Amino acid sequence: MGAAAATRDPVFIRVRDLRKQIGEQRILRGVTMEIARGSGVAIIGGSGAGKSVFLKLVMGLIPATSGSIVVDGTEITGLSERQMGPHRRKMGLLFQDGALFDSLTVEENVGFPLVEAGWKDREKVRAKVDETLAAVELSGHKHKLPSDLSGGMRKRAALARAIITDPQGVLYDEPTSGLDPVVADSIYHLIRRTQRMRGITSVVVTHDMKSLPVVADQVVYMREGVVYFAGSPADLLASRDPVVRQFVEGRSGETS
Ligand SMILES: Nc1ncnc2c1ncn2[C@@H]1O[C@H](COP(=O)(O)OP(=O)(O)OP(=O)(O)O)[C@@H](O)[C@H]1O
Ligand SMILES: [Mg+2]
Numbered sequence: 446m447g448a449a450a451a452t453r454d455p456v457f458i459r460v461r462d463l464r465k466q467i468g469e470q471r472i473l474r475g476v477t478m479e480i481a482r483g484s485g486v487a488i489i490g491g492s493g494a495g496k497s498v499f500l501k502l503v504m505g506l507i508p509a510t511s512g513s514i515v516v517d518g519t520e521i522t523g524l525s526e527r528q529m530g531p532h533r534r535k536m537g538l539l540f541q542d543g544a545l546f547d548s549l550t551v552e553e554n555v556g557f558p559l560v561e562a563g564w565k566d567r568e569k570v571r572a573k574v575d576e577t578l579a580a581v582e583l584s585g586h587k588h589k590l591p592s593d594l595s596g597g598m599r600k601r602a603a604l605a606r607a608i609i610t611d612p613q614g615v616l617y618d619e620p621t622s623g624l625d626p627v628v629a630d631s632i633y634h635l636i637r638r639t640q641r642m643r644g645i646t647s648v649v650v651t652h653d654m655k656s657l658p659v660v661a662d663q664v665v666y667m668r669e670g671v672v673y674f675a676g677s678p679a680d681l682l683a684s685r686d687p688v689v690r691q692f693v694e695g696r697s698g699e700t701s
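My numbering applies: residue 446 is where the sequence shown begins, and numbers increase by one.
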């Protein structure tokens with residue numbers, strides 16, 4: 446092992462006292478967490494808890510109000526737009542709504558990040574797109590438009606687009622919302638395989654408790670702008686904290 450590898454930080458994402466305020470609203474109120482290199486982490490929490498905002502901060506798409514986000518040894522808060530480029534290329538983000546370009550084919554959508562990264566050789570782009578589509582089991586659909594795909598296929602195409610640049614980390618924002626349970630399960634396994642086979646650190650925002658044992662080594666429960674609980678999926682299920690229990694069991698606390 447070379448010196449660089451020997452000193453590589455086993456923590457890939459290190460967040461300390463991260464705060465984000467938009468207008469009067471304090472969305473994140475001091476989030477602290479560590480995400481191990483090559484691991485799978487699930488982020489759970491109620492609607493509006495700040496999960497999507499957190500992913501956008503880690504991706505460097507919006508500025509933090511205060512606090513620290515170190516990714517792969519680089520502090521990203523306070524980087525200029527130009528300095529942010531290398532950081533963003535290390536990361537893939539699967540947006541909550543999938544966000545494929547409607548007028549581009551699957552092939553063009555999935556190849557888009559390569560073209561953006563300056564790949565000029567069309568043959569190389571095509572080969573990489575083919576390889577990535579095969580990995581998500583979409584070979585044979587590359588000439589279709591997003592509107593001609595099923596919901597699950599659209600998610601897989603978006604996933605292919607998020608991983609095509611061989612990022613070190615991928616952030617998935619509710620990758621299975623709107624899918625039937627069987628297709629959702631296959632997406633979770635695809636995420637886990639991607640993480641294990643490519644050594645990618647994966648951060649998955651999910652509302653689906655069934656996904657946790659599949660995708661997550663660690664689960665982080667965000668509540669009221671802070672990390673309320675962090676532990677393994679088994680720790681979460683064994684927790685006796687009434688707030689955690691209520692969330693895990695999906696009870697609203699209402700009576701009708
Ligand atoms: N650009 C913005 N301007 C103003 N408020 C925003 C903005 N982005 C997010 N918010 C607010 O921040 C809070 C957290 O939003 P966020 O999208 O992170 O929630 P979430 O945890 O992802 O919820 P869900 O599970 O429903 O996706 C919400 O109250 C939202 O209205
Ligand atoms: Mg969200």
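Beta carbons are placed, not taken as given, at the ideal position from N, Cα and C, and that holds for glycine.
Quick caveat: nothing in here was measured; it's all calculated off a predicted structure.
On the criterion of 16 or more Cβ atoms from any shown chain inside 10 Å, does Gln640 qualify as buried, or is it exposed? buried
Which stretch, first to last residue, makes up the beta strand (DSSP E) that contains Val650? Thr646 to Val650
How do the region 570-582 and the region 537-546 stand: do at least 3 beta-carbon pairs fall below 8 Å, yes or no? no
Is the region 594-610 touching the region 550-561 in the sense that three or more CB pairs, one from each, lie closer than 8 Å? yes
Three-way DSSP call (helix, strand, coil) for Arg534 in this model: helix
Report yes if the C-beta of Lys496 is less than 7 Å from at least one heavy atom of ligand 1; otherwise report no. yes
Put Leu545 into one of helix, strand or coil per three-state DSSP. coil
Simplified DSSP assignment, three categories, for Met446: Note that Met446 has pLDDT 49, beneath the 50 cutoff, so the model's placement of it is unreliable and the number below is only indicative. In this structure, Met446 counts as coil in the three-state DSSP scheme.
Using only CA atoms, which one of Ile514, Arg474 and Lys496 lies nearest to Phe457? Ile514
Cβ neighbours of Glu568 in the same chain (closer than 7 Å, five flanking residues each side left out): none
For Lys535, which residues from the same chain have a beta carbon less than 8 Å from its beta carbon, with the 5 sequence-adjacent residues on both sides left out? Val516, Asp517, Pro612, Gln613 and Gly614
Quick test of your reading: Lys600 and Leu624, contact by CB under 8 Å. State the CB separation rounded to the nearest angstrom. 7 Å
Coarse secondary structure for Glu479, derived from DSSP in three states: strand
Determine the burial state of Pro455: buried for a count of at least 16 other Cβ atoms within 10 Å of its Cβ, exposed for fewer. exposed
Can you give, in chain order, each stretch of the beta strand (DSSP E) that sits fully within the region 572-639 and has at least 3 residues? 614-618
Can you check whether the CB of Ser484 is closer than 8 Å to the CB of Thr646? yes
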